[in-house]
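K.L.:
Under the numbering used here, residues 13 to 449 are what the sequence shown spells out, in order.
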Amino acid sequence: MIALSRKQRSILKTLDPEASASAWRDWRWQVKHAVRDFRTFEEATGIPLNDGRRREFAETTALFPMAITPYYLSLIQTENAFNDPVFRQAFPSDRERIVLTSDMADPLSEDLDSPAPCITHRYPDRVLLLVSNVCAMYCRHCTRKRRVGDREFIPERSEIQMGIDYIRTHRHIRDVLLSGGDPLMLTDEYLDWILGELRAIDHVEIIRIGTRMPVVLPYRITDDLVTMLKKHTPLWINTHFNHPREITRSASEALARLADGGFPLGNQSVLLAGVNDCPLIMKSLVHALVRNRVRPYYIYQCDLSEGLSHFRTPVGKGIEIMESLIGHTSGLCVPTYVIDAPGGGGKIPVMPNYLISWSTNKVVLRNYEGVMTTYHEPDSYEPIFCDRNCTACDLFLDLSSAPEDDDAVGIEKLLADHDDTISLVPAATDRYERRND
Ligand SMILES: *Cc1c(COP(=O)(O)O)cnc(C)c1O
Ligand code: SF4
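1) Let me know if Tyr312 comes out buried or exposed under the rule of 16 or more other beta-carbons within 10 Å of its beta-carbon.
2) Just how far apart, CA to CA, sit Pro104 and Asp315?
3) May I ask which residues mark the beginning and end of the beta strand (DSSP E) holding Pro308?
4) Please return the same chain residues whose Cβ sits closer than 6 Å to the Cβ of Trp41, not counting the five positions on each side in sequence.
5) Val228 and Leu267: beta carbons closer than 8 Å?
6) Taking the beta carbon of Leu292 as the centre, do at least 16 other beta carbons fall within 10 Å, making it buried, or is it exposed?
7) Within this structure, are the beta carbons of Ile249 and Leu277 separated by less than 8 Å?
8) Hey, does Trp36 have any beta-carbon neighbour from chain D nearer than 8 Å?
9) Between the stretch 114 to 133 and the stretch 347 to 364, do three or more beta carbon pairs fall short of 8 Å?
10) DSSP puts Pro361 in a beta bridge; with which residues?
11) What residues sit near ligand 1, counting only those whose C-beta is closer than 6 Å to one of its heavy atoms, in chain order?
12) Grab me the residues of Glu389's own chain with a C-beta within less than 6 Å of its C-beta, minus the 5 sequence neighbours each way, in chain order.
13) Checking the sheet assignment: what are the DSSP bridge partners for Gly278?
14) Nearer than 7 Å: is that true of the beta carbon of Gly192 relative to any heavy atom of ligand 2?
15) Ordered along the chain, which non-local residues of its own chain (more than five positions away) have a Cβ less than 7 Å from that of Val282?
16) My guess is that Ile206 and Val139 are in contact by the Cβ rule of under 8 Å, so how many angstroms apart are they, rounded?
17) When the distance is taken between beta carbons, is Ser321 closer than 8 Å to Leu112?
18) So, helix, strand or coil for Thr433, using DSSP?
19) Check whether the Cβ atoms of Asp431 and Ala439 lie closer than 8 Å to each other.
20) If you drop the 5 nearest sequence neighbours on each side, which residues of the same chain put their C-beta closer than 7 Å to that of Asp200?
21) When you compare only the Cα positions, how much space is there between Lys295 and Arg224?
22) Any heavy atom of ligand 2 inside 7 Å of the beta-carbon of Arg224?
23) Among Tyr231, Phe165, Arg186, Asp289, which one has its Cα closest to the Cα of His133?
24) Can at least three beta-carbon pairs, one atom from the stretch 53 to 61 and one from the stretch 81 to 99, be found at a separation below 8 Å?
25) How long is the line joining the alpha carbons of Pro347 and Arg324, rounded to whole angstroms?
26) Compute the Euclidean distance between the alpha carbons of Ile454 and Val98, then round it to the nearest angstrom.
27) Quick one: is Trp370 buried, meaning 16 or more other Cβ sit within 10 Å of its Cβ, or exposed?
28) Using the rule of at least 16 other Cβ atoms within 10 Å of the residue's Cβ for burial, across every protein chain shown, is Ala46 buried or exposed?
Below is the structure:
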């Protein structure tokens, strides 16, 4: 017998009068009965919308569709619903139609960095494999909202095969992230095939799955799914909780199932105005995550995708939150705050400053309490000159497992002994154009 709350029973009856209580925990039932129009929303939740909100609904959803799983819908508190963090992540706002001059359709240039179908290749050793264009719930703050959901599809085997072929022929790729959309919208069989193909590639060391299912549809984490995934370890799973209210008993059970299955769990939150832009909320979230064996991984600054302006905070809000975490709570609970650079520069970590000043042999640091302290650096340190001739070096590097052609990249170049580069300069500045004249 499955005990549903009164609210869950009432949503179930509204959406599917014939259904028995056990349907609630059937993920396919949940996906099939995702709420997509405001009338059903009103009937199922008992939250009345005024004429203004109803009018705006059609115009907003023409751009960015709505879908809310019955489970996630049941988390919205009826009292004060419009301020509810779950409501704000799930229900369209007319402010999504505001487009600022700084907004971009593809701020992270994911299209430009796509050398093969289903692939985004931005960093040297890891790629995104986009295996789904659908999600159980469409987050209003989705970075890919221009694409996710507007055409609902899961790529065909032949397309995914081309992405996998790209990975197979690029030896430097040691880490593959399944993303989308939500990869767990695929059937177990289809996922099993993709994971098996990836596992068969020698140089793919780890596979990661990014999914919001533990948050919006925890019943997707079935024993069958876990049994299938276990065949493909080492597999890391990253999820996306934004608010402590999302960590319900069902969510905790789903996380426990994954953790017991042996998958290291991480969480990526997005900093969202009106949802979690508060040090106390974030602290309570990271504590709840760690209690559930989930390591907070990133907090993202909300990016410049169209339709997100109302969710953005100043960067200072993120730094304030980091200030309130570092030192104040377990290091395990502290994620890295990142800004995903517009134009495809990738994730850039942003931190409060702890290094206050330094001289030739001392650094001045401050701690979370504001204590100023000094660290005395060694009076003698024999730097090791590195010419990348590792076989002649006193340090032991096991070359059999080391990468072979390993040129320094970016800032690393400026620090390397074996590279003569003294500055990195953007191409085509006026100053350089003049030199070429
Ligand atoms: C975030 C991201 C990754 C993974 O980055 P990590 O910092 O390793 O988690 C890889 N590729 C793209 C395009 C990404 O946006
Ligand atoms: S689950 Fe992820 S991809 Fe899907 S709508 Fe939410 S943020 Fe976007």
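Cβ atoms here follow ideal geometry from the backbone N, Cα and C, with glycine treated the same way.
In this text the structure is predicted, and so the values were computed from the model without any measurement.
P.N.:
A quick look at the data gives this:
1) buried
2) 18 Å
3) 306 to 313
4) Ala35
5) no
6) exposed
7) yes
8) The structure shown has no chain D; it contains just one protein chain.
9) yes
10) Val350
11) Thr132, Arg134, Tyr135, Arg138, Leu140, Leu189, Lys359
12) Asn373
13) Asn250, Arg307
14) yes
15) His153, Asn254, Tyr312, Cys314
16) The Cβ separation is near 13 Å, so there is no contact.
17) yes
18) coil
19) no
20) Asp236, Leu237, Met240
21) 20 Å
22) yes
23) Arg186
24) yes
25) 19 Å
26) Given a span of 13 to 449 for the chain in the structure shown, any question on residue 454 remains unanswerable.
27) exposed
28) buried
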